[in-house]
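**Q** If you read the protein sequences in the order shown, they are chains A and B. If you're matching positions, the first sequence starts at 1 in the working numbering and goes up one per residue. If you're matching positions, the second sequence starts at 1001 in the working numbering and goes up one per residue. Every residue, glycine too, gets a C-beta built ideally from N, C-alpha and C. As the structure is a prediction and not an experimental result, all values here were calculated from the model.
Number of protein chains: 2
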Amino acid sequence: MPECEHLPRPPRLADTLSRSLQDWVRDRRLAEGDRLPTEKQLCEHFGVSRAVVREAIARLQADGYVETRQGLGAFVAVGAGVSRFRIDRADGVTRGDGLREVFELRQLMESGIAELAAARRSESDLSEMRMLLGRMEEALVERQQASELDDAFHLAIAAATRNPLLVRFMEFMGAQIQSSRVPTWDDEGHVRGLAAAAHDEHQAMYRAIADGDVMAARLAAAGHLQAAAERLGLAPGEGRSGSGRVGR
Amino acid sequence: MPECEHLPRPPRLADTLSRSLQDWVRDRRLAEGDRLPTEKQLCEHFGVSRAVVREAIARLQADGYVETRQGLGAFVAVGAGVSRFRIDRADGVTRGDGLREVFELRQLMESGIAELAAARRSESDLSEMRMLLGRMEEALVERQQASELDDAFHLAIAAATRNPLLVRFMEFMGAQIQSSRVPTWDDEGHVRGLAAAAHDEHQAMYRAIADGDVMAARLAAAGHLQAAAERLGLAPGEGRSGSGRVGR
DNA sequence: GCTTATCTGCTTGTCTGACAACCTGTGCGC
DNA sequence: GCGCACAGGTTGTCAGACAAGCAGATAAGC
């Protein structure tokens, strides 16, 4: 069998219902602060039992769209929708335009992160990076898979910024890109020299960060991400440069 | 009354339970892909009814921590925790270190966004920005509150990148910072000349973007955000520069 | 022996009805 | 007018039931 293929499962009622309610908010049929219909009304309106309605509302609560108060009702949360920023697999992150958009976000973030890292890195941050670079070099010689090391290297840079938010962002990014990773580090990638190129770019990033040269760090990171995007088949050499124009 | 004060409400059972289960995952008592105990077992273990257990699991599902399959059980989602990136009011975003971290994230993003906008802006993007700048100038003369215009201006820049993810990020940021906004545009801000300074910075950003000068756009945005951070009392002039060192 | 169909037990999905806890507004007594 | 108890409505929780889907064991057919 080629790959685990997820066929579309029959949608659950609570799921459908919560989506409908979310649409009510998006369509401004319910404004911020408005009270939702009572559970009983929703039951009758949608023809489902109260248990289903309650689960749907529990989902919305978890998403921050509504707040409920016993004896009073459920209310559309103030700032519903913008009270949290979220990127989600469901947004089509792993393919097509969604992937390109996320990757662009990563390019922005990572150049900034490299810049901050160059300004704030401690000696122990640097030795962590050196260690990872060494292990990646070993993997390069022995033609091994090394994408975990790749992730760890980028994570180490984020850690050097001393900003846990940025670390969390890189963790997320690693998980996302991993699921759509191009063969940079595997056998095919080695054959085409991609792994060696990526390794060179990593070393350039390390040198700039070690030197504390914020501008060089930014450029090295931007260049690395631009090259990675091209290896992924995104943003092929055509002039849609953005960061790239700066990176080269 | 001074301000809406949220007193701590008695926690709901489903809420407590979902937190407990989340801790199980964090503490590695449940690994990715593991099956959760059955609903009946959870009922007995925690001494609650099945309705509560189901609501708790519905919350976790909404958060992407578990997936359930009828007839099979509930499973810890692969990539639980990193399958989505989320920033949340609850993370202490509106005060103290959390605010500083979020603001730093915004600095990174916004300089990158300005850069992309300079590369991709269309004529209609520019006229939108000009319109907003004009209205801000009016507000400046008439000493009016103009923070919505401020948000709209930054949003217009994000829109010029043609990347909806970046627009969503700026929407989120606007909502966050608004709730902790310093008096830049109100009467006190005018007195201290803060509004005029912000307006100058905005104009510099516009000019760079209109010229298509990616580097100048980056620097203008970095400078604006750095100045805004100082107006907010964050990152006071002490050398913790990062972007700042580049921005000036 | 191997494949295929059926059965059985378990688990989640949904429904129903009930009671407790909580909030708001009304009307009563003072 | 003021405070208080009460009623009605709403969410929170519980208990029990049946339907739908799944995995593994068992039986039937070749």
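1) Which two residues bound the contiguous alpha helix (DSSP H) that contains Thr16 (chain A)?
2) With distances taken Cα to Cα, identify the nearest neighbour of Leu981 (chain B) among B:Arg1026, B:Leu1030, B:Val1048, B:Leu1060.
3) Just the Cα atoms here: how many angstroms apart are Ile1057 (chain B) and Lys40 (chain A)?
4) For Ala1146 (chain B), which of helix, strand or coil comes out of DSSP?
5) I'd like to know if Ala200 (chain A) contacts chain B, where contact means its C-beta is closer than 8 Å to some C-beta of that chain.
6) When every heavy atom of the ligand ATP is checked, does at least one fall within less than 7 Å of the C-beta of Asn163 (chain A)?
7) Let's test the definition: count the other Cβ atoms within 10 Å of the Cβ of Val1053 (chain B) and tell me whether it reaches 16, buried, or not, exposed.
8) Where do the ends of the beta strand (DSSP E) carrying Ala196 (chain A) lie?
9) Under three-state DSSP, which class holds Gly1073 (chain B)?
10) Among the residues of its own chain, which have a CB less than 7 Å from the CB of Cys256 (chain A), if the five just before and after it don't count?
11) In chain A, which residues lie less than 9 Å from Leu1149 (chain B) when you measure between Cβ atoms?
12) To the nearest angstrom, report how far apart Val1287 (chain B) and Met1131 (chain B) are at their CA atoms.
13) Going by the DSSP bridge assignment, what does Phe85 (chain A) pair with across the sheet?
14) So, for Gly1033 (chain B): in the same chain, excluding its five sequence neighbours on each side, which residues have a beta-carbon less than 7 Å away from its beta-carbon?
15) For a cutoff of 8 Å on Cβ pairs, would you count Pro1164 (chain B) as touching chain A?
16) With DSSP as the reference, please indicate the residues paired to Arg35 (chain A) in a beta bridge.
17) How long is the line joining the alpha carbons of Leu30 (chain A) and Gln70 (chain A), rounded to whole angstroms?
18) Chain A partners of Met1109 (chain B), CB-CB under 9 Å?
19) Taking the straight line between their C-alpha atoms, what separation do you get for Ala1158 (chain B) and Phe1046 (chain B)?
20) Can you have a look at Ala1217 (chain B) and say buried or exposed, based on whether 16 or more other CB atoms are within 10 angstroms of its CB?
21) Answer with yes or no whether the minimum CB distance from Gln61 (chain A) to chain B is below 8 Å.
22) So, with DSSP's three-state summary, where would you put Val1066 (chain B)?
23) Using a Cβ-Cβ cut-off of 8 Å, state whether Val102 (chain A) counts as contacting chain B.
24) Can you tell me whether Arg1059 (chain B) is buried or exposed? The criterion is at least 16 other CB atoms within 10 Å of its CB, across all chains shown.
25) Indicate the three-state DSSP secondary structure (helix, strand or coil) for Leu232 (chain A) in the structure shown.
26) Does the beta-carbon of Ser18 (chain A) have 16 or more other beta-carbons within 10 angstroms, so that it is buried, or is it exposed?
27) With DSSP collapsed to three states, give me the class of Arg121 (chain A).
28) Return the CA-CA distance between His202 (chain A) and Ala1196 (chain B), expressed in angstroms with no decimal places.
**A** Checking against the coordinates, here is how it stands:
1) 13-26
2) Beyond the ends of chain B as shown, which are 1001 and 1248, falls residue 981 (chain B); an answer cannot be given.
3) 22 Å
4) coil
5) The amino acid occupying residue 200 (chain A) in the given sequence is Asp; Ala does not appear at that position. For Asp200 (chain A), the answer is no, since every Cβ of chain B falls outside 8 Å of its Cβ.
6) The ligand ATP is not among the ligands present in this structure, which contains no ligands whatsoever.
7) buried
8) That residue, Ala196 (chain A), is in no beta strand (DSSP E); its alpha helix (DSSP H) goes 194-211.
9) strand
10) With chain A covering 1 to 248 only, the question about residue 256 (chain A) has no answer from this structure.
11) The premise fails here: Leu1149 (chain B) is roughly 17 Å from chain A at the closest Cβ pair, so nothing lies under 9 Å.
12) Outside the displayed range of chain B (1001 to 1248) lies residue 1287 (chain B), so it cannot be described from this structure.
13) B:Ile1087
14) Phe1075, Val1076, Val1078
15) yes
16) A:Phe75
17) 20 Å
18) Leu105, Leu108, Met109, Gly112
19) 48 Å
20) buried
21) yes
22) strand
23) yes
24) buried
25) coil
26) buried
27) coil
28) 43 Å
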